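Novice: Dumping the structure here so I can ask a few things about it.
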Amino acid sequence: MRCVRTLFLAGSLLTAPFAYAAPLPVVCVEAAWCNIAAQIGGPAVQTQSLISTPGIDPHELTPTPSMARNMAHASVIVLNGATYDDWAVHFSPSSATQIIAAEEAGWRAGDNPHLFLDLNAVRKVASAVADAFIARGLDQTDIRSRLTSFLNQVDALSGRTAAIRQKYDGTIIGVMEPVGADLIQTMGLRIIDSGFALSVMHHSEPAPRDVAQLETAIDSRQIRFLIVNPAVRSPQIDRMVERARGSGLPLVMIGETLPVSQQWQDWVSSILQSVQQALDGQSR
125 MRCVRTLFLA
135 GSLLTAPFAY
145 AAPLPVVCVE
155 AAWCNIAAQI
165 GGPAVQTQSL
175 ISTPGIDPHE
185 LTPTPSMARN
195 MAHASVIVLN
205 GATYDDWAVH
215 FSPSSATQII
225 AAEEAGWRAG
235 DNPHLFLDLN
245 AVRKVASAVA
255 DAFIARGLDQ
265 TDIRSRLTSF
275 LNQVDALSGR
285 TAAIRQKYDG
295 TIIGVMEPVG
305 ADLIQTMGLR
315 IIDSGFALSV
325 MHHSEPAPRD
335 VAQLETAIDS
345 RQIRFLIVNP
355 AVRSPQIDRM
365 VERARGSGLP
375 LVMIGETLPV
385 SQQWQDWVSS
395 ILQSVQQALD
405 GQSR
């Protein structure tokens, strides 16, 4: 019996370090960033996004105690920054590695804050996330392999935007709110109503001149299609959307929350497909 106990103890000591390794806790405000982090970390990380429900504006979110608790237990925190979710910075514990997309991307005041739809920003954040995971002790070979796979898919998306640009460079479009504007501009598309869109994003009344310009562009079909953020509603936006429908203009829906059960790259791919169809005249 003594021999059995000794063997059992020796076996326990040998296997103990490999018996359980808790996933690295990662918290993000936006689901898009957590999805990217999960793809890079794989089973070695456990991600939790504070916002995953469509229609919630991070600018206006009132943090809850449960959000603060979740962030307090995170080892890695990924934020968008760029005034989008800056309130979350104050809840980040000093022990956590904090990655802010705006800092990685070199965002400046006045730039578009929707960095999760900026391919260059996503590349930089993905690399920073991989570095953070490795610094936290995750397997470097596995993390680098996952990062390479992810970046290859981002490159494929860039190839599609380049193909659209080659065919439709300079095409004029309208946007209700500038989510996805960076992605749109990589395709060479020209936004005619930036003033209107920025006013909507900042929750201010668009100038009469901007309203008149967009109405004229819609009525004369000067724009190829109209981009609508389904999470942003107002009587004025609804009127513009109905005006576009009445003129027979295609509507392209681009939200700011990752759709449930979609990978980030699948989401972007579906946006590119919708834009391509609208440009080709296949969407109404």
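Numbering (this note's numbering), first residue to last: 125 to 408.
Cβ atoms here follow ideal geometry from the backbone N, Cα and C, with glycine treated the same way.
Keep in mind the model is a prediction, meaning the values are calculated, not measured.
(1) Using the three-state DSSP reduction, which class does Gly-298 fall into: helix, strand or coil?
(2) Looking at the structure shown, is Glu-154 part of a helix, part of a strand, or coil, going by DSSP?
(3) Buried or exposed, going by whether 16 or more other CB atoms sit within 10 Å of the CB of Thr-171?
(4) Go ahead and pull the three-state DSSP assignment for Met-377.
(5) Given a threshold of 16 other Cβ atoms within 10 Å of its Cβ, counted over all protein chains shown, does Leu-403 qualify as buried or as exposed?
(6) Is Pro-149 helix, strand or coil when you go by DSSP?
(7) Just mark Ser-398 as buried or exposed, buried being the case when its beta carbon has 16 or more other beta carbons within 10 Å.
(8) Which full runs of the beta strand (DSSP E) of 3+ residues lie inside the stretch 161-222, going along the chain?
(9) Which same chain residues end up closer than 6 Å to Ala-229 when comparing Cβ atoms and leaving out the 5 residues on each side of it in sequence?
(10) Note the first and the last residue of the continuous beta strand (DSSP E) segment covering Val-352.
(11) Please report the straight-line C-alpha distance between Arg-314 and Pro-147, rounded to a whole angstrom.
(12) Give, in chain order, every unbroken run of the alpha helix (DSSP H) that is at least 4 residues long and sits entirely within the stretch 261-317.
(13) Where does Arg-129 sit, in a helix, a strand or coil, going by DSSP?
(14) For Leu-241 versus Val-392, is the C-beta distance shorter than 8 Å?
(15) Given this structure, state the Cα-to-Cα distance separating Ile-395 from Ile-378, to the nearest angstrom.
(16) Taking 8 Å as the threshold (C-beta atoms), are Ile-351 and Val-376 in contact?
(17) So Leu-396 is in the alpha helix (DSSP H); what residue range does that whole segment cover?
(18) Would Thr-221 and Arg-260 qualify as a contact pair, given that the criterion is a beta-carbon distance under 8 Å?
(19) Let me know the secondary structure DSSP gives Ile-361 once reduced to three states.
(20) Please classify Gly-298 as buried or exposed, where buried requires at least 16 other C-beta atoms within 10 Å of its C-beta.
(21) Give me the Cα-Cα distance between Phe-257 and Asp-266, rounded to the nearest whole angstrom.
Specialist: On the basis of the data shown:
(1) Residue state, collapsed to three classes: strand.
(2) strand
(3) Taking a 10 Å sphere around the C-beta of Thr-171, we find 16 or more other C-beta atoms and assign the residue as buried.
(4) strand
(5) Of the other Cβ atoms in all chains shown, 16 or more fall within 10 Å of the Cβ of Leu-403; this residue is therefore buried.
(6) strand
(7) A residue is called buried when at least 16 other Cβ atoms come within 10 angstroms of its Cβ; Ser-398 meets this threshold and is buried.
(8) 169-175, 200-203
(9) Leu-239, Ala-245, Lys-248
(10) 350-352
(11) C-alpha separation (whole angstroms): 44 Å.
(12) 264-292, 305-310
(13) Confidence at Arg-129 is low in this model, with a pLDDT of 39, below 50, so the placement of that residue is unreliable and no value is reported for it.
(14) yes
(15) 7 Å
(16) yes
(17) 388-404
(18) yes
(19) In this structure, Ile-361 counts as helix in the three-state DSSP scheme.
(20) buried
(21) Each residue's CA atom was taken as its position, placing Phe-257 and Asp-266 some 11 Å apart.
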